[in-house]
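The structure appears below as structure tokens.
Protein chains: 2
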Amino acid sequence: MVKRNTRQKRIIMDAVCSLDHPSATAVYERVQAIDPKISRSTVFRVLSDEAAAGKLLRLHINGTDDRFDPTLTSHCHIRCRVCGKVEDIMTDIATDMSSDIEGSHGYSVEYCDVVFYGICPDCKDKTNSVQTA
Amino acid sequence: MVKRNTRQKRIIMDAVCSLDHPSATAVYERVQAIDPKISRSTVFRVLSDEAAAGKLLRLHINGTDDRFDPTLTSHCHIRCRVCGKVEDIMTDIATDMSSDIEGSHGYSVEYCDVVFYGICPDCKDKTNSVQTA
DNA sequence: TATATAATAGGATCAAATCCTAATAAGGGG
DNA sequence: CCCCTTATTAGGATTTGATCCTATTATATA
């Protein structure tokens, strides 16, 4: 008996998928709304375990707590420094970079995190309307 | 009177420069060895302030606490998952990527973090010698 | 269905980071 | 060169994301 498919685990994974790059706390709040009996430690443990098992990505993004991402294909992220939103960027540039690094630095590269920081179109629009008002 | 050049600040910045991508705690320990009267909160505050002022980079790297880097020119990082070492990779690929993102996603990109994870040449050698032994 | 044990609930605990306030000292003005 | 304003620090309290601990629960196999 290796791994059990528990109700808690299903609810937690559903929450990750239905939210947008949520933090563990955000997942916990969503899960609480569905079943208040599910404990914080279960949420943190399941997220950690699933990330360690490669079922989720665990993202370290400047200025926020860790985020979780069910999208496993190679991609980048971008965070708006105004509204805090994190978005996927489906590009595979990192793969080319990884092989460059292998050659030039002698590392075996296993994984690559690329995070852009900036201002999203929505927040740019808002800033502009304030300026022109 | 805008900003003061204090002895504590000088010691802390020297420590960051003499260490290799140190965490705040590593800086604190180095600083303690020089002057045990300098408090932990001063170290954390100075590092945060200098990072916010753009005098240092603050790196969020998976599986470790924040690291600080006095190198301000655009570059990437790589972390060995065996020994934990963090190295600079002086490449400017991120700049090209940033302008791509501006075009395709409408963001104003201000900054980009690129972190590779893998195994450094030293740790690879050790692994090999164990295997062949 | 019975049972061995993986997984959870809930609280305790840990550590990085921040906050608070009286005391200190940097550095510009006189 | 010294004084005075106030930015900065020391030191401890506090916050918070995350992990750990243990009795209890419930999954999945025989």
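Each protein sequence line maps, in turn, to chains V and P. Our numbering puts the first sequence at residues 1 to 133. Our numbering puts the second sequence at residues 1001 to 1133. Positions of the beta carbon are idealized from the N, C-alpha and C atoms, including for glycine. Note that the structure is a prediction, hence the values are computed from the model and not measured.
Sequence-distant partners of Leu1047 (chain P) (beyond 5 residues in either direction) whose C-beta falls short of 6 Å from its own C-beta, in its chain, are Ala1024, Phe1068.
Contacts between Cys1112 (chain P) and chain V, judged by CB atoms closer than 8 Å, involve Val114, Val115, Phe116, Tyr117 in chain order. Residue pairing for Ser23 (chain V): DSSP places it in a beta bridge opposite V:Arg67. The beta carbon of Asn1062 (chain P) sits closer than 8 Å to some beta carbon of chain V.
The continuous alpha helix (DSSP H) containing Arg1010 (chain P) extends over residues 1007–1018. Interface criterion not met: the Cβ of Ile1011 (chain P) is under 8 Å from no Cβ in chain V. Comparing alpha-carbon positions, the option among P:Ile1101, P:Asp1092, P:Cys1083 lying closest to Lys1124 (chain P) turns out to be P:Cys1083.
For the pair Asp49 (chain V) and Arg40 (chain V), the Cα-to-Cα distance works out to about 14 Å. Burial is judged here by how many other beta carbons sit within 10 angstroms of a residue's own beta carbon; Gly63 (chain V) has fewer than 16 and is exposed. Relative to Val1114 (chain P), the option among P:Gly1103, P:Cys1120, P:Thr1071, P:Ile1061 whose CA is nearest is P:Ile1061. Closest in alpha carbon position to Ser1104 (chain P), among V:Ile78, V:Pro36, V:Arg10, V:Ala33, is V:Ile78.
Sequence-distant partners of Gln8 (chain V) (beyond 5 residues in either direction) whose C-beta falls short of 6 Å from its own C-beta, in its chain, are Ile38, Thr42.
A straight-line Cα-Cα distance of about 14 Å links Ala52 (chain V) and Glu110 (chain V). Per the coordinates, the alpha-carbon of Tyr1117 (chain P) lies some 6 Å from the alpha-carbon of Cys1080 (chain P).
According to the DSSP assignment, Ile101 (chain V) belongs to the alpha helix (DSSP H) that extends over 93–105. In summary, Val27 (chain V) is buried, with 16 or more beta-carbon neighbours lying within 10 Å of its beta-carbon over all protein chains present. In this structure, the CA atom of Thr95 (chain V) is about 8 Å from the CA atom of Ser74 (chain V). The beta carbon of Thr71 (chain V) lies closer than 8 Å to those of Leu57, Asp88 in the same chain, with the five residues before and after it left out.
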